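Structure first, then comments.
Number of protein chains: 2
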Amino acid sequence: MYLFTNITGVFIFDNQLNVIDKILFKDSKEYKNKAEFIQKIKEKHKSLKEPGDADMEKLLLFFKSKSFSRAFCDNNLQLTKSCIKKSASPDAMLIQATNSIDETDKIINLLARRLREWYELYNPEFSRATQSHEKFVEDILGKEKIELLAGIGADAEDSMGADLGQKDIEPIKSLAQQVHGLYQLRNIQESYISSLMQDLCPNAKAVCGTLICAKLIGRAGSLKRLSEMPASTIQVLGAENALFRHMKTGAKPPRHGILVHHPLVAKAPDRMHGKIARALADKISIASKIDYFRGEFIGDKLREHLDKKFSAKGNFEKSA
Amino acid sequence: MYLFTNITGVFIFDNQLNVIDKILFKDSKEYKNKAEFIQKIKEKHKSLKEPGDADMEKLLLFFKSKSFSRAFCDNNLQLTKSCIKKSASPDAMLIQATNSIDETDKIINLLARRLREWYELYNPEFSRATQSHEKFVEDILGKEKIELLAGIGADAEDSMGADLGQKDIEPIKSLAQQVHGLYQLRNIQESYISSLMQDLCPNAKAVCGTLICAKLIGRAGSLKRLSEMPASTIQVLGAENALFRHMKTGAKPPRHGILVHHPLVAKAPDRMHGKIARALADKISIASKIDYFRGEFIGDKLREHLDKKFSAKGNFEKSA
């Protein structure tokens, strides 16, 4: 006698491959608890065995019957839905939030440029005197033109800006208000990512910082896939174009991808970039493996090691 | 004796081209009121005349003296600043606001797509059931997941979306809040443009609608330049690439540029597009000329004429 289980139920076939007992599953939840049902049926029937390949072929024909198609379809649908439900892992949230930050950054830049161009019809002196978009937006929302000009030591009388009425200033301020809101959104998202990472990958976060780590995971697809990558792949992650150009045309290989934004790399002299990126990728590879297998926290030590090696002044020469 | 005036002052030269009297301007404001000063000096001296070309050449050498350079520089600077101040015309505000709407539209699309992708991890059924971005954003801000699913007749039990905690939902809602704010910004800007146009170009606005009219003025550079354009130029404004491709390679000439978005063109069958765009451009050309020279309002009649000609059903055949 054979025991056979699929998504529709548990079946006992005799040696002529006729069904002699069965338990049908009502829904995919019962299928997930199939061990329980198999146990139940095993208590009723002794000397059960698994069907061999030849028997299996004939046995499966039994399920071609139309009476099963409904059960197959319904249970499969339920099962798929629950798998999809589970697929929204912290990784997926992290990747969404990271992409969202990227887009928010681009949008802030776009809108801030538009805002300045528009605002400069009204008060060009202040716009030119303020470098940071964020400060610029905050100031024009909080203060009047005369205050702003006094703040940079200019005289409102001399201003090249037009004297606009309230009606013309209002849409400019609405735009500024939106840009301000986008800055706040960016902060919310960054702290969300940071708290996600504290649970998901504290080691990698400690080594390379919140945003760079998030981008690496996003580029790799998940923490699992990042942890499976060799350090040399992590080093050039995000520089795929340059890498393929190197392989096709023999141009110089890229020294770093996303890692170029890491403070250790960015602050070092250009000729050291490749060396630092290599060491950094090495530590990230270690850290992500520890994170994925839920090992203990050693991220601070990894980072400290890198800092000692590269950021002490004058050390560049020795280690180069 | 000669009378000569420039930005530094009013001067009287005798026949040997020596200065015998002068009034120096303190700033560019006095230069703007120069008529007054000229009057004053004319009362003191009789039989003044304008210098001829030959005299002028010698006379100007007098101003090469270094003692004038300061006055030239300061007064010119003031004059330039005041010209810049005046350059912020309603046209300039209109163009800024129009560009800003264009960008806001693009940004709303970008962020709404990101929002949906992220939100679909949580509640895919509702996102798929709601076409309009604007309604989608409003609904997810105002209602809970269960309500939303009930609204589209779905069961929260069956949802493929993950069960996210408040901590994960919050950044999604912040993003939705921003998109909502951007929709409001767009409305503010559109009503601002509409009110600007009511003063600036009521006729053109009546013929082609607020946004299309704003884009035409933006593309032309100002209402003045739009009013100077022939109807055939207005017809293809915004299709410069296609026009130059036509001239260079002999490809088909464009039938319309910005005007393709006008409801009369957009709703008509494809083969009628060129014909309608031509008639429309014709009326816009008339309307913008009336607007620039501040003529009376006949925009409604122009529009009515077009509507009668093209939007009555079945008329397409007759007029084609």
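Residue numbers (the working numbering), protein chains in the order written: chain W, 1 to 320; chain B, 321 to 640.
Built from N, CA and C at the ideal position, the CB exists for glycine as well.
Every value quoted in this text rests on a predicted model; they were computed, and no experiment measured them.
Which word fits residue i, buried or exposed, when buried means at least 16 other C-beta atoms lie within 10 angstroms of its C-beta?
| i | result |
| --- | --- |
| D300 (chain W) | exposed |
| F297 (chain W) | exposed |
| P254 (chain W) | buried |
| T450 (chain B) | buried |
| I20 (chain W) | exposed |
| L516 (chain B) | buried |
| E317 (chain W) | Summary for E317 (chain W): the model assigns pLDDT 45, below 50, so the residue's position carries little reliability, and this model does not support an answer. |
| G634 (chain B) | Any reading at G634 (chain B) needs caution, since the residue's pLDDT is 45, under 50, leaving its predicted position unreliable; the model's value is listed next. Per the 10 Å Cβ criterion, exposed. |
| K603 (chain B) | buried |
| K22 (chain W) | exposed |
| H256 (chain W) | buried |
| M247 (chain W) | exposed |
| A35 (chain W) | exposed |
| F72 (chain W) | exposed |
Quick check on this structure: which residue in the options has the alpha carbon closest to the alpha carbon of residue i?
| i | options | result |
| --- | --- | --- |
| L520 (chain B) | B:T424, B:R614 and B:L495 | B:R614 |
| A204 (chain W) | W:L61, W:H133, W:Y292 and W:K22 | W:Y292 |
| N33 (chain W) | W:S100, W:L79, W:L17 and W:R186 | W:L79 |
| K26 (chain W) | W:M56, W:D74 and W:A54 | W:D74 |
| L121 (chain W) | B:S547, B:I508, B:Q416 and B:Q498 | B:Q416 |
| K426 (chain B) | B:C403, B:V330, B:H453 and B:M376 | B:H453 |
| L368 (chain B) | B:P522, B:L337 and B:F388 | B:L337 |
| F62 (chain W) | W:K86, W:N6 and W:I169 | W:N6 |
| L60 (chain W) | W:T8, W:L148 and W:L306 | W:T8 |
| A601 (chain B) | B:N561, B:V527, B:S389 and B:P589 | B:V527 |
| E170 (chain W) | W:A112, W:L77, W:R225 and W:Y119 | W:Y119 |
| D55 (chain W) | W:M1, W:E240 and W:L223 | W:M1 |
| L226 (chain W) | W:I290, W:K275 and W:K309 | W:I290 |
Can you tell me the Cα-Cα spacing of residue i and residue j, whole angstroms?
| i | j | result |
| --- | --- | --- |
| A640 (chain B) | M592 (chain B) | A caution first: A640 (chain B) carries a pLDDT of 39, below 50, which makes its placement in the model unreliable, though a value can still be read off. If I take the Cα positions, the gap works out to 7 Å. |
| I428 (chain B) | Y503 (chain B) | 7 Å |
| E103 (chain W) | L430 (chain B) | 8 Å |
| F324 (chain B) | L344 (chain B) | 12 Å |
| G529 (chain B) | H582 (chain B) | 8 Å |
| S552 (chain B) | D411 (chain B) | 22 Å |
| A599 (chain B) | V585 (chain B) | 10 Å |
| H180 (chain W) | Q486 (chain B) | 24 Å |
| S385 (chain B) | D334 (chain B) | 18 Å |
| Q178 (chain W) | E548 (chain B) | 37 Å |
| A597 (chain B) | V137 (chain W) | 42 Å |
| A168 (chain W) | S511 (chain B) | According to the sequence as given, residue 168 (chain W) is Asp; it is not Ala. Roughly 12 Å between the two C-alpha positions. |
| A534 (chain B) | V556 (chain B) | 15 Å |
| A571 (chain B) | R565 (chain B) | 6 Å |
| D307 (chain W) | R128 (chain W) | 38 Å |
| H305 (chain W) | A268 (chain W) | 16 Å |
| V10 (chain W) | K40 (chain W) | 10 Å |
| D459 (chain B) | L223 (chain W) | 33 Å |
| S631 (chain B) | R623 (chain B) | 11 Å |
| D590 (chain B) | V580 (chain B) | 11 Å |
| A540 (chain B) | N561 (chain B) | 15 Å |
| G372 (chain B) | A112 (chain W) | 55 Å |
| P202 (chain W) | G238 (chain W) | 22 Å |
Taking residue i and residue j to be in contact with their CB atoms under 8 Å, please state how far apart those CB atoms are, rounded to whole angstroms.
| i | j | result |
| --- | --- | --- |
| P550 (chain B) | S605 (chain B) | 7 Å |
| I578 (chain B) | I537 (chain B) | Actually they are not in contact, since the Cβ atoms of I578 (chain B) and I537 (chain B) sit about 10 Å apart, beyond 8 Å. |
| F37 (chain W) | E30 (chain W) | 7 Å |
| I193 (chain W) | T98 (chain W) | 6 Å |
| S159 (chain W) | E117 (chain W) | Not a contact, Cβ separation roughly 17 Å. |
| S100 (chain W) | Q189 (chain W) | 6 Å |
| L185 (chain W) | L495 (chain B) | 6 Å |
| N325 (chain W) | K143 (chain W) | Missing from the structure shown is residue 325 (chain W); chain W here goes from 1 to 320 and no further. |
| L484 (chain B) | A476 (chain B) | At roughly 13 Å, the Cβ-Cβ gap does not stay under 8 Å, so L484 (chain B) and A476 (chain B) are not in contact. |
| G161 (chain W) | K406 (chain B) | At roughly 11 Å, the Cβ-Cβ gap does not stay under 8 Å, so G161 (chain W) and K406 (chain B) are not in contact. |
| S28 (chain W) | S69 (chain W) | Between S69 (chain W) and S28 (chain W) the Cβ distance is about 16 Å, and since that is not below 8 Å, they are no contact. |
Can you pull the chain B neighbours of residue i, defined as C-beta to C-beta under 7 Å?
| i | result |
| --- | --- |
| P171 (chain W) | A417, I508, Q509 and Y512 |
| R114 (chain W) | N419, S420 and E423 |
| I286 (chain W) | Within chain B, no residue comes near I286 (chain W); the closest Cβ sits about 29 Å away, beyond 7 Å. |
Taking residue i as the query, report the chain W residues whose CB atoms sit under 7 Å from its CB, ordered along the chain.
| i | result |
| --- | --- |
| L502 (chain B) | Q178 |
| E437 (chain B) | Q96 |
| A412 (chain B) | L121 |
| D488 (chain B) | M93 |
Determine the chain W residues that contact residue i at a beta-carbon separation under 8 Å, and present them in chain order.
| i | result |
| --- | --- |
| L536 (chain B) | Those within 8 Å of L536 (chain B) in chain W number zero; the least Cβ separation is about 20 Å. |
Find the residues of chain B that neighbour residue i, judging by a C-beta separation of less than 8 Å, and give them in chain order.
| i | result |
| --- | --- |
| I107 (chain W) | I427, L430 and L431 |
| K85 (chain W) | S479, M480, G481, A482 and D483 |
| A88 (chain W) | L441, Y442, G481, A482 and L484 |
Interface residues of chain W around residue i at Cβ under 9 Å?
| i | result |
| --- | --- |
| L505 (chain B) | P171, S174, L175, Q177 and Q178 |
Note down, in chain order, every chain B residue with its Cβ under 9 Å from the Cβ of residue i.
| i | result |
| --- | --- |
| K81 (chain W) | D478, S479 and M480 |
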